[in-house]
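A quick write-up on the structure given underneath.
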Amino acid sequence: MGRLDDKTALITGAARGIGRGIATEFAKEGADLIIADLLIDEATRTAGELQNRYQVTAMAVPMDVTSADSITAELDNALAMMQRIDILVNNAGVAPNHLSQDEDEDDWDRCFEVNLKAIWKVSSALAPHFIENGGGKIVNIASIAGRQGGVIASYSASKSGAISITQSFAAELGPHNINVNAICPGLLWTDMWRKLEGMLIGDEADELIDRRQRFEAMLAAGCPLGREQTPEDIGKAAVFFASDDARNITGQSLNVDGGIRMN
Ligand SMILES: NC(=O)c1ccc[n+]([C@@H]2O[C@H](COP(=O)([O-])OP(=O)(O)OC[C@H]3O[C@@H](n4cnc5c(N)ncnc54)[C@H](O)[C@@H]3O)[C@@H](O)[C@H]2O)c1
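Each step along the sequence shown adds one to the number in this note's numbering, with nothing skipped, and position 33 is 411.
This is the structure we're talking about:
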């Protein structure tokens with residue numbers, strides 16, 4: 379028996395990377411899936427693969443989490459097929475195109491729109507459905523970058539906001555039996571990280587192998603457990619927050635980072 383049997387989860391940004399890892403762990407625990415992403419071809423492939431491998435029902439929807447119209451339309455679409463949603467994972471995120479000293483207004487706007495305001499938009503759109511159902515679970519994917527500012531100011535600030543909004547929503551929605559928690563992932567070798575590596579090491583070392591070596595050097599220098607984190611690691615923490623095991627936990631942010639940050 380799975381820990382998420384008879385539950386339906388909507389996971390944003392789940393076509394690839396961490397979102398896909400969360401969807402995989404949810405499917406292993408028996409949850410039906412709504413894979414919401416801008417990348418609809420990749421999302422459809424992910425949904426199909428997980429449905430076949432784990433015998434759950436999975437669908438993909440082309441949701442843009444920055445657009446209230448898109449959120450409403452795709453929630454209607456998803457509910458028409460799945461009837462109910464029990465779990466929301468706000469995972470979609472972006473990194474800026476420049477490091478702090480070179481960041482422009484577009485970097486700040488995009489980070490805040492996708493990494494922070496979208497949590498408010500999607501959670502607010504789904505909250506009435508959760509309330510009507512007698513409860514629900516929200517898991518926000520923040521970052522250890524939100525624990526302490528660094529060389530990507532817009533990203534760190536948006537992720538600090540994600541930790542803060544987790545507490546605000548937990549306080550507001552707790553009386554409706556809705557748990558709201560966050561996960562702060564550490565260093566994961568996803569498309570987002572490969573983009574960041576390019577900015578951190580500059581154009582002269584554009585080869586993937588150099589980026590990978592730098593990533594491993596960062597882990598060796600700053601991660602007590604000394605190993606990279608995987609999308610599945612984040613997925614297992616998300617399963618915990620989404621399950622009844624965490625029924626009395628809300629407003630918390632959990633680092634899944636091998637000990638890089640201990641606050
Ligand atoms: N990779 C890391 O090391 C790391 C560390 C800490 C936190 N995170 C966070 O984890 C989450 C997932 O990151 P990832 O590394 O898997 O990145 P990724 O770039 O591989 O995946 C992000 C997904 O979000 C989707 N997305 C972006 N904008 C969207 C929008 N407007 N509407 C719908 N979907 C949208 C993308 O299409 C993509 O599928 C992000 O919130 C990220 O900030 C990542």
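C-beta atoms are modelled at their ideal positions from N, C-alpha and C, and glycine is treated no differently.
Can you tell me where the beta strand (DSSP E) with residue i in it begins and where it stops?
| i | result |
| --- | --- |
| residue 514 | 514-519 |
| residue 563 | 556-563 |
Does DSSP put residue i in a helix, in a strand, or in coil?
| i | result |
| --- | --- |
| residue 422 | helix |
| residue 394 | coil |
| residue 571 | helix |
| residue 602 | coil |
| residue 640 | coil |
| residue 380 | coil |
| residue 430 | helix |
| residue 625 | coil |
| residue 417 | coil |
| residue 566 | coil |
| residue 407 | coil |
Per DSSP, which one or two residues make a beta bridge with residue i?
| i | result |
| --- | --- |
| residue 631 | 560 |
| residue 412 | 388, 437 |
Just reading off the alpha helix (DSSP H) that residue i is part of, what are its end residues?
| i | result |
| --- | --- |
| residue 544 | 531-551 |
| residue 611 | 609-620 |
### Query
At what residue ranges does the stretch 443-529 contain a whole run of the alpha helix (DSSP H), taking only runs of 4 or more?
List check, alpha helix (DSSP H) in window: 446-460, 483-489, 496-511.
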